[in-house]
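Shown next, in structure tokens, is the structure this report addresses.
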Amino acid sequence: MSLSAARTVGTRGTPGRLGPVWTFLFRYGPPRWTEYLIKNWAGQRLVISLPYLWLLIFFLVPFLIVLKISFAEFSPLGRPPYEPVFRWLDEGALQIKLLVSSYTYLFNEPLYVSSWGYSIMVAAVSTVLCLLLGYPMAYAIARSTPTYRNVFLMLVILPFWTSFLLRVYAWIGLLKTDGVINNVLMWLGIIDAPLTMMYTSFAVYIGIVYSYLPFMILPLYSNLEKHDNTLLEAASDLGAGPIKAFLRVTLPLSFPGIVAGSLLVFIPAVGEYVIPSLLGRTDQLMIAKLLSDEFFLNRDWPKASAVAIAMLLLLVVPIMLFQHFQNKELQANKK
Amino acid sequence: MQSAERRTDKKIKNEPWRDPNAEAYVRFENITKRFGDFVAVNNVSLKIYKGEIFCLLGGSGCGKSTLLRMMAGFEQPSAGTIYLDGQDLAGIPPYERPVNMMFQSYALFPHMTVEKNIAFGLEQEKGLSRSEIATRVTDILEIVKLTPFAVRKPHQLSGGQRQRVALARSLVKRPKLLLLDEPLGALDKKLREATQFELINIQESLGVTFIVVTHDQEEAMTLASRIGVMNRGEIVQIGTPTEIYEFPMTKFVADFIGSVNMFEGQLVEDLPDRARIKSDELGGLIYIDHGISSAPGATVWAAVRPEKINIQRQPPANTSENCAKGVVKEIAYMGDVSIYLVKIDSGKTVRVTLPNVERLSDDERIQWDETVWLTWHASSPVVVTQ
Amino acid sequence: MKTQGLFSKVMLGFGFVFLYVPILSMVIFSFNDSRLVTVWNSVGSPTLKWYGRLFSDDQILSAAWLSIQVAAMSATGAVVLGTLSGLVLARFGPFKGRALLQGLTTAPLVMPEVITGLSMLLLFVSLEQLLKAMFGWQFDRGVATITIAHITFTMAYVTVVVQSRLASFDDSLEEAALDLGARPAKVFFRITVPLILPAILSGWLLAFTLSWDDLVVTQFVSGPGSNTLPMVIFSRVRLGVSPVVNALATIMVLIVALGVILSAVLMRRQELRRKREEQMAASG
Chain A
1 MSLSAARTVG TRGTPGRLGP VWTFLFRYGP PRWTEYLIKN WAGQRLVISL
51 PYLWLLIFFL VPFLIVLKIS FAEFSPLGRP PYEPVFRWLD EGALQIKLLV
101 SSYTYLFNEP LYVSSWGYSI MVAAVSTVLC LLLGYPMAYA IARSTPTYRN
151 VFLMLVILPF WTSFLLRVYA WIGLLKTDGV INNVLMWLGI IDAPLTMMYT
201 SFAVYIGIVY SYLPFMILPL YSNLEKHDNT LLEAASDLGA GPIKAFLRVT
251 LPLSFPGIVA GSLLVFIPAV GEYVIPSLLG RTDQLMIAKL LSDEFFLNRD
301 WPKASAVAIA MLLLLVVPIM LFQHFQNKEL QANKK
Chain B
1001 MQSAERRTDK KIKNEPWRDP NAEAYVRFEN ITKRFGDFVA VNNVSLKIYK
1051 GEIFCLLGGS GCGKSTLLRM MAGFEQPSAG TIYLDGQDLA GIPPYERPVN
1101 MMFQSYALFP HMTVEKNIAF GLEQEKGLSR SEIATRVTDI LEIVKLTPFA
1151 VRKPHQLSGG QRQRVALARS LVKRPKLLLL DEPLGALDKK LREATQFELI
1201 NIQESLGVTF IVVTHDQEEA MTLASRIGVM NRGEIVQIGT PTEIYEFPMT
1251 KFVADFIGSV NMFEGQLVED LPDRARIKSD ELGGLIYIDH GISSAPGATV
1301 WAAVRPEKIN IQRQPPANTS ENCAKGVVKE IAYMGDVSIY LVKIDSGKTV
1351 RVTLPNVERL SDDERIQWDE TVWLTWHASS PVVVTQ
Chain C
2001 MKTQGLFSKV MLGFGFVFLY VPILSMVIFS FNDSRLVTVW NSVGSPTLKW
2051 YGRLFSDDQI LSAAWLSIQV AAMSATGAVV LGTLSGLVLA RFGPFKGRAL
2101 LQGLTTAPLV MPEVITGLSM LLLFVSLEQL LKAMFGWQFD RGVATITIAH
2151 ITFTMAYVTV VVQSRLASFD DSLEEAALDL GARPAKVFFR ITVPLILPAI
2201 LSGWLLAFTL SWDDLVVTQF VSGPGSNTLP MVIFSRVRLG VSPVVNALAT
2251 IMVLIVALGV ILSAVLMRRQ ELRRKREEQM AASG
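Below is the structure:
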């Protein structure tokens, strides 16, 4: 009944009788801006498809390929070094050979088993440490006067623009046996013999916290900055001391920022390669290094692919959490 | 209010809306708009005539802005048709409609000068030469009195100046219809009053039809040739400002425009030339000097405007009708008028407005807690049945 | 309130020390006349000899040049695609597959690089095989594959920057332009783009930096003979410290610091001027 009304009064030459398109669009309850775009449907399609196709081809399809190869059989002398998963036989039949041996290996081989646990642990500890340092910093910045605030933010962001690799390298110079820290401590007489800091988990924590600190501070800051100061004043007026006010008002309100910052650190930290390579233990590897070794040293593509898929599965829940929070932030910022 | 009324008389001498054969310039026919389950506009039909300033008046969420946006082309109706000058606008995108809109936030392009802002719309039209565009821009700048500000950017202008740029930008395209979304909302009171009359002048001299959306009844009363009062997606009453104010058809309209005292009662006498209502809220009878077409014994409401009530210390001659005794509970001195809140014997609080005509000494002026009599003329109450 | 404020201020100070001491130490020791880098040799220092070595190091210089080229191309590609997807996500209404697009554009932000690198390499290998089988073409991985890979993961950042800028953008400006007769494409180029230009530029810079600095993905997808600067640096520092790297680091820090300070100063000045103009308008 409603659509037929739209077809009434046939005045000559009026464009735009697009009944089925109306139904399609109105089923989703279109929002403000785009309704008239019906006419420009072709242009809109083009704009959407450009980035979409790119991402499909170069981001999504590769994962499917990795998935496929993870089920393949390793063939050490082959180029590429795996047996084809799909093969057309002479009779016209399609042979599909799927091996789960790569996966079972991942979950049985002690090297891998310990690596999974270690990677998660390192990422988790680093995230917590990063939060412990980053939160007070973000808090202080959010509460400083606008001029200082901009300077502080600039100082936080500046290291981010210099090379990640070089900043990790900088810690080698600080942490090694004849490095700056040891030299200073010995010179001050605090220690007699140099501390072993390189090639330890401790070094990896420092490296991750150091590199990812801006990623923790910025979402926290952007959340804290929006806090209404009068809320704290109200809490104080109602009798809450500063610590209590913080715990009952500020902290809960900053929760989305905490989650966003933590996920921004944790997820990439699990799969971190550079930092453990330069600073980390040689006896206990993180999972990214295993993947790389499996691929480049052993040339075992199926196993490397299986590791990648397993990592993805491990991280898919945190990733989706992150995207959920990211969306919420964007909606909140929409005017 | 008086001068605006005279203007509209001048402008729309024949009051085309009263002529059943007159051709409406803008027609909304059975327009409905749904957002999911929510019905923003519910089966609205409306006729607007050329040269009118038509105001859609209502509170927030009543659907007036949605109606405007459908006219502009930013929303499509879920049902119904919109006609402009005989043309069905369905499916026509905003950039192809001979309609222009003045946005509440003015929406001036911050990276362009005033001139470029105004010229923008003309540049989109085919067949206009550079010099023609320049001439039209200069002309409209003169009309809105912004000629010295031509090369400034929006952030270098005051609020009132920005508003005039927004107006100029839409008018320069000579649209058939101009839509104004809360045009005076962002201005302070003094500026608002001055701008209201300027707006009417410009509209008259250019002859463009305006549709204005506002929640401010003062604005509507000043600007409009006719007002359409909206509530919850529907048009509740359409009429000239006088009609709306003096002859509201529902409780909602009576209450929405200005202040009103409502007395609920039963219709006890209903003759062609007079009627009587027995009202417990008043504590007496209300005598009205015209007939009301309603069933006898029906529950009706008599609406009496505060400025039509008289306060006096002595009881009137006839204390059985159109009067009440009460105690003055509150007085608000507003400078030009005083507002009295009088609690009458029935318990109801009645609002009375008196102009401060003379400079009275404190003894002569009516004071708090004084016992007073309220009376009004038999023609004052308006009876609404819903 | 005071003690709490004090704690966070102290942490702020400590945090900045933590952030900058490593950088400073790198810079200082670039002038140290010692192969051991961190053992200060007061005899020969300070010296510029490592800088000299740096500028005669062909491997580093050619790698740097390659990195700049790749980064510039990637950043440009990322900005084009990222702005489009930011526009789509911020402005276009629901359409089939929107959720997937949202996911695809933001997943690279957190995806560990080994996964992205591996998957893109396998894609390129499959493409190689396909093209060889179908057309007999043989193409090697190199600059093209690195650029494609970089575009893919950096466009996510551009998308986020553009999308959030558009979300906080008053879209009545775009509506006004449409109302005045401009078609959507025109509105985009004449109204939207000029107003989000700062976001687009910072997106370009962001993509440039990420591409310039990338190691893991590049290692996977590069070919023989295409060594980027991070790859060269990494292979050198795996074995320990290298004073030439310190010199390189110092130069980079200097460039970045100058750039950031310059842009901050420029922005501040523009902001002040704008405020002044607004005040003048309000009073006059």
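Residue numbers (this note's numbering), protein chains in the order written: chain A, 1 to 335; chain B, 1001 to 1386; chain C, 2001 to 2284. By construction, the Cβ of each residue, glycine as well, lies at the ideal position given by its N, Cα and C atoms. If you're wondering where the values come from, they're calculated on a predicted model, not measured in any experiment.
Annotation: MET2026 of chain C to VAL168 of chain A spans about 11 Å, alpha carbon to alpha carbon. Along the region 2267-2278 of chain C, the positions whose C-beta sits under 8 Å from a C-beta of chain B are ARG2274, GLU2277, GLU2278, read in chain order. When B:LEU1285, B:ARG1351, B:LYS1348 are compared, the shortest CA-CA separation from THR1319 of chain B is found for B:LEU1285. Considering only C:VAL2114, C:ARG2053, C:LEU2066, the residue with the shortest C-alpha distance to GLY2225 of chain C is C:LEU2066. Nearest neighbour of ASP2057 of chain C by Cα position, chosen from C:LEU2254, C:TRP2137, C:ARG2236, C:ALA2281, turns out to be C:ARG2236. Taking all protein chains shown into account, ALA1224 of chain B has 16 or more neighbouring C-beta atoms within 10 Å of its C-beta and is therefore buried. Under the three-state reduction of DSSP output, LEU1046 of chain B falls in the strand class. SER126 of chain A does not reach chain C, its nearest Cβ partner there being about 14 Å away, counting only Cβ pairs nearer than 7 Å.
Contact between SER126 of chain A and VAL66 of chain A does not hold, since the beta-carbon distance rounds to 26 Å and is not under 8 Å. Residue contact with chain A for LYS2009 of chain C: present (Cβ-Cβ distance below 8 Å to some residue of chain A). Among the residues facing chain A, PHE2055 of chain C is not included, as its CB has no counterpart in that chain under 8 Å away. For the region 162-184 of chain A, the beta-carbon criterion of a distance under 8 Å to any beta-carbon of chain C is satisfied by THR162, SER163, PHE164, LEU165, LEU166, ARG167, TYR169, ALA170, TRP171, ILE172, GLY173, LEU174, LYS176, ASP178, GLY179, VAL180, ASN183. Chain-order list of chain A residues neighbouring PHE2139 of chain C: empty, with the shortest C-beta distance near 15 Å, by a criterion of under 8 Å. Separation of VAL1328 of chain B and GLN1367 of chain B (C-alpha to C-alpha, rounded to the nearest whole angstrom) is 7 Å.
In this structure, LEU1178 of chain B sits away from VAL1165 of chain B, with a CB-CB distance that is not shorter than 8 Å.
At a beta-carbon threshold of 8 Å, none of the residues of chain B lie near ALA2257 of chain C; the nearest stands roughly 30 Å away.
The way I'd put it, the region 2083-2097 of chain C doesn't touch the region 2128-2138 of chain C; fewer than three beta-carbon pairs between them come closer than 8 Å.
Fewer than three pairs of CB atoms, one per stretch, sit closer than 8 Å, so the region 1252-1264 of chain B makes no contact with the region 1076-1085 of chain B.
PHE1210 of chain B is a Cβ neighbour of ILE1053 of chain B, given a cutoff of 8 Å. The beta carbon of LEU2054 of chain C sits closer than 7 Å to the beta carbons of ILE2060, VAL2244, ALA2247, LEU2248 from its chain, once the five residues preceding and following it are set aside; these are given in chain order. DSSP places GLY1265 of chain B inside the beta strand (DSSP E), whose first and last residues are 1261-1271.
A straight line joining the alpha-carbon of ARG1226 of chain B with that of LEU1354 of chain B spans about 28 Å. Residues of the region 2025-2047 of chain C with a C-beta atom less than 7 Å from some C-beta of chain A are SER2025, MET2026, PHE2029, LEU2036, VAL2037, THR2038, VAL2039, listed in chain order. VAL2217 of chain C and LEU2109 of chain C have their C-alpha atoms roughly 14 Å apart. Segment contact: the region 1338-1357 of chain B against the region 1302-1317 of chain B, three or more CB-CB distances shorter than 8 Å; contact assigned.
Between PRO1094 of chain B and chain C, the shortest Cβ-Cβ separation is below 8 Å. Distances from the alpha-carbon of ARG1034 of chain B to those of B:LEU1067, B:TYR1049, B:ARG1027 put B:LEU1067 closest. Counting only runs of 4+ residues, the alpha helix (DSSP H) found wholly inside the region 190-265 of chain A occupies 201-225, 229-237, 242-245, in chain order. Only those residues of the region 2182-2215 of chain C whose C-beta falls short of 7 Å from the nearest C-beta of chain A are listed: PRO2184, ALA2185, THR2209, ASP2213, LEU2215.
Taking a contact to require three or more Cβ pairs closer than 8 Å, the region 2104-2119 of chain C and the region 2181-2198 of chain C do not qualify as touching. For TYR112 of chain A, not one C-beta of chain C is nearer than 8 Å to its own C-beta. Here ASN327 of chain A carries a helix assignment [DSSP, helix/strand/coil]. Counting C-beta pairs with one atom in each stretch, the region 2134-2145 of chain C and the region 79-97 of chain A have fewer than three that are closer than 8 Å, which means they do not touch. By the Cβ rule, the region 222-238 of chain A does not count as touching the region 75-90 of chain A, because fewer than three pairs are nearer than 8 Å.
The Cβ atoms of LEU1171 of chain B and ILE1140 of chain B sit closer than 8 Å to each other. The Cβ atoms of LEU106 of chain A and VAL307 of chain A lie closer than 8 Å to each other.
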